[in-house]
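Below you'll find the structure, written out as structure tokens, and then a few comments.
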Amino acid sequence: MTDIHLSTAATDAATNARRANLIHGVPALVSAILLAAVVWWLVPWFIAVLAAVGTGVFVAWWSSRSAVPIALRSVAAERSEPSDNPRYHNLVDGLCVAAGVRVPTLHVIDDPAANALATGSRSDRASLAVTSGLLERLNPVELEGVLAHCLARIATNEIAPATALLPILARLGPLGAKTRSAVIDEHHLWRSDVAAVATTQYPPGLIGALDHMRTATEPHRAGPALDHLWIIPAGAEPRDLDVRIAALREL
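Okay, so the sequence shown: first residue is 7 according to this note's numbering, each after it adds one.
Okay, here's the thing in structure tokens:
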């Protein structure tokens, strides 16, 4: 990855870290206000303030720590060891050097669908999960393109606000779609596609992967709260993939 891309990734990472902190702050602030309103008349004011602040800090901490396990559990992701999937691990190791990111924890989802996701509270505490179907369907060059896309999302720390949203979206149900669209940039997939190609220097790899992933891309255990984490969202239309592939062919 070039110095320009590394500089842009660092800037985006700082911005996304701030966005994640703001998202974690929403339930923390709401919890603190509610507790203060309840106990204000029952205890001295300074105790009420301390209790509210303490509750807010705890909720923010819990929110930041629980989101990743929620994501991985919801798709039944299992930790992958190098001896289990050497090709997967070797490709990620090489791409992390090129992309300038720390090697994430790798997982495999036992599912015939072909898809992948990245999650984490920050770029140096990331997890990457691929389905068994993806490992079986794609050749090494295509798999490299998909993994580079996921690592691009880690490098820019895009995973932080995306992951921070999970506990909120899980509670909002149908209203979650509007919240997600207000926080997640609709062009985030395209930006990660471009960054992936900048890392691999081979657009046909990711193009071939997306072409192979046109069918059976929605993992059976995927829930709507995780939709924005996948390289191909569950609700994606065929035209969405056509646009991404056509744009990559122009690079």
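Backbone N, C-alpha and C define an ideal beta-carbon position, used for all residues, glycine too.
According to DSSP, Ser133 shares a beta bridge with Thr111 and Thr125.
Taking the Cα positions, Leu144 is about 14 Å away from Asp117. Remark: fewer than three beta-carbon pairs, one from each stretch, lie closer than 8 Å, so the region 36 to 55 and the region 91 to 110 are not flagged as touching. When the Cα atoms are used, Asp199 and His155 turn out to be separated by approximately 6 Å. Counted as a single uninterrupted DSSP element, the stretch harbouring Ala83 is not any alpha helix (DSSP H) but the beta strand (DSSP E) occupying residues Ala83 to Arg85. Bridge pairing for Trp236: Leu123 [DSSP].
Trp196 is not a Cβ neighbour of Arg255, given a cutoff of 9 Å. Contact between the region 153 to 170 and the region 98 to 106 is present: 3 or more CB-CB pairs across the two stretches fall below 8 Å. In the structure shown, Pro244 adopts helical secondary structure according to DSSP, grouped into three states. Counting along the chain, the unbroken alpha helix (DSSP H) around Tyr94 starts and ends at Pro92 to Ala105.
Annotation: Arg220 is outside any alpha helix (DSSP H) and is labelled neither H nor E by DSSP. DSSP places Gly151 in the uninterrupted alpha helix (DSSP H) bounded by Pro146 to Ala161. In this structure Leu172 does not touch Ala26 by the C-beta definition: roughly 11 Å separates them, more than the 8 Å allowed. Gly126 and Leu97 have their alpha carbons spaced roughly 20 Å apart. A residue is called buried once 16 or more other Cβ atoms fall within 10 Å of its Cβ, and Trp47, having fewer, is exposed.
Taken atom to atom, the span from the alpha-carbon of Ala215 to that of Val45 is near 56 Å. When DSSP states are grouped into helix, strand and coil, Ser89 belongs to the coil group. The C-beta of Ala252 has fewer than 16 other C-beta atoms within 10 Å across all chains shown, which makes the residue exposed.
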